[in-house]
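Novice:
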Amino acid sequence: MSKIQRTAVLIILILASAAIIYPIFYAFASAMMTSAEIDSYPPHIFPSGFNLDNYKSVFAVVPVAQFLLNSFVVAIAITVGHLITASFAAYAFAFIRFPLKSFFFALFLATIMIPWEVTMIPNFLTIRSWGWTDSYWGLILPFLATGFGTFLFRQFFMQLPKDIFEAAKMDGMGHFGIFLRIALPLTRSASVTLAVYSFIGAWNMYLWPLLITNEESMRTVQIGVTMLQFEDFTSWNLVLAGLALMMLPPLLLLVLGLKQLVGNLTMGALKG
Amino acid sequence: MKAINWKMALPVLALANVLVIQGCGTSNSANTPNSAASSNAADTSNEAPVTINWWHAMSGTNGKVLDQIVKDFNASQSHVVVKATFQGAYDELLNKVKATMGSKSGPALVQMNDVNTRFMIDSQAITPVQTLIDRDKYDISELEPNILNYYTVNNQLYSMPFNTSNDIFYYNKDLFKAAGLDPEKPPATFEEVEAAAKALTKDGVTGYAFYIEPWDMEQSFAKQGELYVNNDNGRSGEAATESLMNSEAGVKTLSFWKDMIDNKNAQFFGRVSADAQKAFTAGKVAMLTGSTGALRGMVEGAKGKFEVGTGFFPIPAGSSKEGGVAIGGGSNWIMNDKSQEEQDAAWEFIKYLSSAKVQALWHVSTGYFPTTTAAYDEQIVKDNLVKYPQFNAAVEQLHQSKSNYASQGASLGVFQEMRNFYSTAVEEAINGASPQEALDKAAKSSTEAIQKYNDTNK
Amino acid sequence: MTSRLRKFKEAAFGYGFLLPSLAGFSVFLFYPFLKSFYLSLHSMNPRGQIVEFVGFDNFIDILTSDHFYQSLKTTFFFALLTIPACIFIAVCLALLTYKKNKINLIFQLIFASTIAVPIGNASVIWKLLFHPTAGMFNYFLSLFGISPVGWLTNPAYALLSVSMMTVWISIGFTYLLLLSGIKGIPEDLYESAKIDGAGSFSIVRRITLPLLSPVLFFISVISVISALQSFSQINILTEGGPVNSTNVVVYDLYQEAFVNYRFGTGSAQAIILFLIILLFTIIQFRLSERKVHYS
Chain A
7 MSKIQRTAVL IILILASAAI IYPIFYAFAS AMMTSAEIDS YPPHIFPSGF NLDNYKSVFA
67 VVPVAQFLLN SFVVAIAITV GHLITASFAA YAFAFIRFPL KSFFFALFLA TIMIPWEVTM
127 IPNFLTIRSW GWTDSYWGLI LPFLATGFGT FLFRQFFMQL PKDIFEAAKM DGMGHFGIFL
187 RIALPLTRSA SVTLAVYSFI GAWNMYLWPL LITNEESMRT VQIGVTMLQF EDFTSWNLVL
247 AGLALMMLPP LLLLVLGLKQ LVGNLTMGAL KG
Chain B
3 MKAINWKMAL PVLALANVLV IQGCGTSNSA NTPNSAASSN AADTSNEAPV TINWWHAMSG
63 TNGKVLDQIV KDFNASQSHV VVKATFQGAY DELLNKVKAT MGSKSGPALV QMNDVNTRFM
123 IDSQAITPVQ TLIDRDKYDI SELEPNILNY YTVNNQLYSM PFNTSNDIFY YNKDLFKAAG
183 LDPEKPPATF EEVEAAAKAL TKDGVTGYAF YIEPWDMEQS FAKQGELYVN NDNGRSGEAA
243 TESLMNSEAG VKTLSFWKDM IDNKNAQFFG RVSADAQKAF TAGKVAMLTG STGALRGMVE
303 GAKGKFEVGT GFFPIPAGSS KEGGVAIGGG SNWIMNDKSQ EEQDAAWEFI KYLSSAKVQA
363 LWHVSTGYFP TTTAAYDEQI VKDNLVKYPQ FNAAVEQLHQ SKSNYASQGA SLGVFQEMRN
423 FYSTAVEEAI NGASPQEALD KAAKSSTEAI QKYNDTNK
Chain C
-13 MTSRLRKFKE AAFGYGFLLP SLAGFSVFLF YPFLKSFYLS LHSMNPRGQI VEFVGFDNFI
47 DILTSDHFYQ SLKTTFFFAL LTIPACIFIA VCLALLTYKK NKINLIFQLI FASTIAVPIG
107 NASVIWKLLF HPTAGMFNYF LSLFGISPVG WLTNPAYALL SVSMMTVWIS IGFTYLLLLS
167 GIKGIPEDLY ESAKIDGAGS FSIVRRITLP LLSPVLFFIS VISVISALQS FSQINILTEG
227 GPVNSTNVVV YDLYQEAFVN YRFGTGSAQA IILFLIILLF TIIQFRLSER KVHYS
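Chains as they are written, first to last, in our numbering: chain A, 7 to 278; chain B, 3 to 460; chain C, -13 to 281.
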């Protein structure tokens, strides 16, 4: 690329970054504004100072620490569950020959298409009949399998060069061996992507925790955000402080995940 | 794109009920180890207190105040323990209640919003508080009659009002002064509001903020003394079968708003009260109507910028019928699938909630109305009225309200659906349709929905 | 080992690997889905109890109402407005920033950042940005002398506004997927292409995009599914209005089942939606998977 091209690309990227980051910046900036500031016109772009009062109010209204802990436990468990169930199933779809494979694959895909509206209630009844309301089991168990993650892994597995597997088979490696020692390490970027996605999906759960928990001590962060909204008059700075607070852990996870992704060994390094 | 939307998941719970009733294998509600209440109720000895669950929709600081009230109640006596839990916004709470109706995991006491009153009655899952009032000869003379009226159907009080609000008129006194209007005399009629809006619209300020709040239309009918649905607003025994929102009262009201928008003297904020309120506290619009529940927030938001004034909800000039205010907010319901002991305990607690002291604290800390007139004698209420004199207009509007079927407001099971038809009609009118045409269409759809409801609700 | 035994063992492995997922699906997806099919054949009262068996009446009611086709049309428009724009932007950004260096690390973080924002929360933020008077968008426009736009209140703009927000929130995950897809492409392929003297544009066209096709295929299938199921942003931003201009099928279905208390028709609508999505996915597989380049 010429110098002009490079500069043009850089400008485009900077503009795109500004557009993409702005709404998130807006949430964090507004979270530090007073009610008068956030409601003024022309609107303030930056808060007038480093004002943490809204965060203090959030902590006063919502048991933040307990909710964060619960969300972490649930999100981590679901993420690990997804990685395990999805990678196994995807390996089968990509590399193992068995009867009715395309039927089962279609079935897995169909799970993504079932509107959530129809599953929630029967699942609630199932969990209730097992006595798992107000428990981590109830929060985690219904979400351990994922058609989405399976499909994702399958696509990444199928992107891998076939000859590696032929060679491994020749060496007498079984499916478990190939799965653990070749397929998984070579698709670490898929694992990281799915992990980020699953963690954040679980982190964002709202209705299910609300439905199956009656104890405040078992509730998760999204319910905390609802607790900040009022029927008749909403203090947006307070709500945005709550949003900012609960976006922080996923953002941090994203930073970690990206580091993994970027630092990932690419196929090139393995060709030998 | 995000494919699995757990967060998107919203209340689906009502279906649960079906499945419980069918009892298809998995749904054995009998052995649900859920509420502490159910286990306690079984073996109540003389000493053991009865524990009841109270589900509510009070978030934020309102929720904190509510927790304090519960704590005080539990400390004040030794035979009832109330456990209060926030269960999401009203629609989420309602769906969760539906899912647990008839099982042991549900609460003994439920807070529910105004529009779901009819549904709660029709569910046959509740014990009318009237039964307990009659049994105990409980004196309700000090409770606000105009508030009780809303929760009274066929002369029975079904639930006890707890958090009550009212639709009032807000204006920016400083902008009124600047426009040469009397800041101490809020406009009272549609015509006066229109004239004021015209005078106020200048220098980047718009006179009036209009947002779609179906409650406004219901309020307008009530204030004009007109019925919103037929059969005495569904209040006198016969269920309502027809929407009357396209009658003259409705067309007049919608034309009033539409004309102001067409003349650019009003700005339209879609369906979002918060947006209009934000524009008001930002000083971009000078007048709007809204809930008393927003009063403190608006006064605080305007602090240092301008003075907030309040007045009655406007009516068309020359309205001659007697009317009043349509009550908003919520009430508490006793569920009948709980033991008598638990229901009695819930009733005990309801009486506590209705006491002057509690209502005074509740009013002062949340902005909801006291449900009992005795609360106005409490010092904290007097102090609060000094601090927020704007509240006086709301109290006066409530006390001047005349009680009749019109001011009781419509009672029907598809209230929310009718509100949605109404909102679409307003949008159509603002985008060019005539108010009559738009309301005719909405009234027709509403009537069909009412009939469907009546058909399945037997 | 005989070949039959080997085949049997292979199949056993296959099913064994599927088993954990299948167990989860059976209890928490297939069973409830069948249940809802059962409900869709009944009329139900507002409390959620079955009143009577009505056969396919609920389905017929839906399929013969203009209202349903209107919301279907809105749903397709929404998909058309969001999917191509999102994929195009994400592909461009990914191709421009996948290389490993310090500046790109910052860009990568920013472009992927929207994945960390819950869609409900993003809707709240965007709603404030879209605010007709005090919102940032209209404020920015006013700096250029452009008069305020009724982003969410004007039927001509509302669907576009909701789509803008949807594209924004979808970019994060799409970008992240593409980035991990590109990371999976062997570097030596690039090197040999460079030795062959290929320009960067032709490398993208001849190597990157074909090798990315499994991921691109995944993205397009998932995007269609999720666009057709969008709910949260519409619920918070517009409630289906103004004048039904954003009333997509899922929002309508939700209203029917959980606001209007007609679960029978709500369930029927959910099943029709499921079938429509299924149809689209099948078409996508038929049309594209053959063209997807699996190495």
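Think of the CB as a built atom: it goes at the ideal place given N, C-alpha and C, for glycine as much as any other residue.
Evaluate the contact criterion for the stretch 268 to 281 of chain B versus the stretch 147 to 166 of chain B: three or more CB pairs, one atom per stretch, below 8 Å.
Specialist: In short, these stretches do not touch, since the Cβ pair count stays below three.
Novice: Based on DSSP bridge pairs, tell me the residues matched to B:TRP259.
Specialist: BP columns for B:TRP259 are empty, so no partner.
Novice: Check the Cβ-Cβ distances between A:THR240 and every residue of chain B, and say whether any is below 9 Å.
Specialist: By this cut-off, A:THR240 is an interface position.
Novice: Rounded to a whole number of angstroms, what is the C-alpha to C-alpha distance between B:SER403 and B:PHE315?
Specialist: Taking the straight line from one Cα to the other gives about 12 Å.
Novice: A:LEU158: which of C:VAL207, C:GLY2, C:PRO134 and C:GLU177 sits nearest, CA to CA?
Specialist: Out of C:VAL207, C:GLY2, C:PRO134 and C:GLU177, C:VAL207 has the C-alpha closest to the C-alpha of A:LEU158.
Novice: Pick from B:PHE88, B:THR294 and B:GLU430: whose alpha carbon is nearest that of B:LYS66?
Specialist: Selected option, being the one with the closest Cα: B:PHE88.
Novice: Whose C-beta lies closer than 8 Å to the C-beta of B:LEU183 among residues of the same chain, with five residues either side of it excluded?
Specialist: ALA198, ALA201 and LEU202, listed in sequence order.
Novice: Could you tell me which of B:GLY236, B:THR375 and B:MET289 sits nearest to B:VAL155, measuring between CA atoms?
Specialist: Checking every option, the nearest Cα to that of B:VAL155 belongs to B:GLY236.
Novice: In angstroms, rounded to a whole number, what distance separates the CA positions of C:TYR176 and C:ARG191?
Specialist: For C:TYR176 and C:ARG191, the distance between alpha carbons rounds to 12 Å.
Novice: Would you call A:TYR142 buried or exposed, if buried means 16 or more other Cβ atoms sit within 10 Å of its Cβ?
Specialist: The residue in question, A:TYR142, is exposed, as its Cβ has fewer than 16 Cβ neighbours within 10 Å.
Novice: What is the rounded straight-line gap between the Cα of B:SER257 and the Cα of B:ALA358?
Specialist: Approximately 42 Å between the Cα atoms of the pair.
Novice: Closest to B:TRP217 by C-alpha separation, out of B:PHE417, B:TYR455, B:ASN456 and B:GLY306, would be which residue?
Specialist: Comparing Cα positions, the closest option is B:PHE417.
Novice: Can you give the Cα-Cα distance for C:ILE262 and C:ALA254, rounded to whole angstroms?
Specialist: So the two alpha carbons sit approximately 12 Å from each other.
Novice: Can you tell me whether B:LYS266 is buried or exposed? The criterion is at least 16 other CB atoms within 10 Å of its CB, across all chains shown.
Specialist: Result: exposed.
Novice: Just list the residues that DSSP pairs B:LEU461 with in beta bridges.
Specialist: Nothing about residue 461 of chain B can be reported from this structure: the residues present for chain B run from 3 to 460 only.
Novice: In terms of DSSP beta bridges, what is B:GLN113 paired with?
Specialist: DSSP output for B:GLN113 lists B:ASN334 as bridge partner(s).
Novice: Do the stretch 322 to 337 of chain B and the stretch 231 to 249 of chain B touch if we need at least three Cβ pairs shorter than 8 Å?
Specialist: With the cut-off at 8 Å, the stretch 322 to 337 of chain B and the stretch 231 to 249 of chain B do not touch.
Novice: Could you have a look at B:LYS266 and say whether DSSP puts it in helix, strand or coil?
Specialist: Correct three-state label for B:LYS266: coil.
Novice: Thinking just about the alpha-carbon of each residue, which of C:PHE249, C:VAL135, C:THR83 and C:ASN140 is nearest to the one in A:LEU16?
Specialist: Selected option, being the one with the closest Cα: C:THR83.
Novice: What span of residues does the beta strand (DSSP E) with C:ILE36 cover, start to end?
Specialist: Unbroken beta strand (DSSP E) run through C:ILE36: 36 to 39.
Novice: Starting from the beta carbon of A:TYR47, find every residue of chain D whose beta carbon is closer than 7 Å, and list them in chain order.
Specialist: Judged by its chain identifiers, the structure shown contains no chain D, and its protein chains are A, B and C.
Novice: Grouping DSSP H, G and I as helix and E and B as strand, with all else coil, what is B:GLY411?
Specialist: It is coil, neither helix nor strand.
Novice: Starting from the C-beta of A:LEU246, find all residues in its chain whose C-beta is less than 7 Å away, skip the five residues before and the five after it, and write them out in chain order.
Specialist: Excluding residues within five positions, the ones whose Cβ falls inside 7 Å are ALA33, SER36 and ALA37.
Novice: State yes or no: is the beta carbon of C:GLN94 nearer than 9 Å to at least one beta carbon in chain B?
Specialist: Output row for C:GLN94: interface = no.
Novice: Ordered along the chain, which non-local residues of its own chain (more than five positions away) have a Cβ less than 8 Å from that of C:SER99?
Specialist: Excluding residues within five positions, the ones whose Cβ falls inside 8 Å are GLY158.
Novice: Given a cut-off of 9 Å on the beta-carbon distance, is the pair A:VAL67 and A:LEU216 in contact?
Specialist: Going by C-beta atoms, A:VAL67 is not nearer than 9 Å to A:LEU216.
Novice: For C:ALA108, go through chain B and note every residue whose CB falls closer than 7 Å to its CB, in chain order.
Specialist: By Cβ distance, chain B contributes nothing, its closest Cβ being about 10 Å from C:ALA108, past 7 Å.
Novice: Roughly how many angstroms lie between the CA atoms of A:THR13 and C:LEU81, to the nearest whole one?
Specialist: A:THR13 and C:LEU81: Cα-Cα distance of roughly 16 Å.
Novice: Taking the alpha helix (DSSP H) that B:TYR424 falls in, what are its first and last residues?
Specialist: First-last of the alpha helix (DSSP H) with B:TYR424: 417 to 432.
Novice: For the alpha helix (DSSP H) that C:PRO200 lies in, which residues bound it at each end?
Specialist: Looking at the DSSP string, the run of the alpha helix (DSSP H) that includes C:PRO200 is 195 to 214.
Novice: Is DSSP giving A:TRP242 helix, strand or coil here?
Specialist: The answer is helix: DSSP assigns A:TRP242 an H, G or I state.
Novice: Take the Cβ of C:THR(-12) as the centre, count every other Cβ of all protein chains shown within 10 Å, and call the residue buried at 16 or more, exposed below.
Specialist: So C:THR(-12) ends up on the exposed side.
Novice: Check the Cβ-Cβ distances between B:ALA348 and every residue of chain A, and say whether any is below 9 Å.
Specialist: Taking Cβ atoms only, chain A never reaches closer than 9 Å to B:ALA348, which makes this a no.
Novice: Nearest CA to the CA of A:PRO283: which residue from C:PRO118, C:PHE187 and C:LEU197?
Specialist: Absent from the structure is residue 283 of chain A, since the part of chain A shown begins at 7 and ends at 278.
Novice: Could you work out which residues of chain B lie near A:LEU259, taking near to mean beta carbons separated by less than 8 Å?
Specialist: In chain order: nothing, as chain B lies at least about 16 Å away.
Novice: Near B:GLN24, which residues of its chain fall below 6 Å by C-beta distance, leaving aside the five closest residues on each side in sequence?
Specialist: Legend: pLDDT at B:GLN24 = 39, less than 50; position of this residue unreliable, value from coordinates given subsequently. Contacts found: none.
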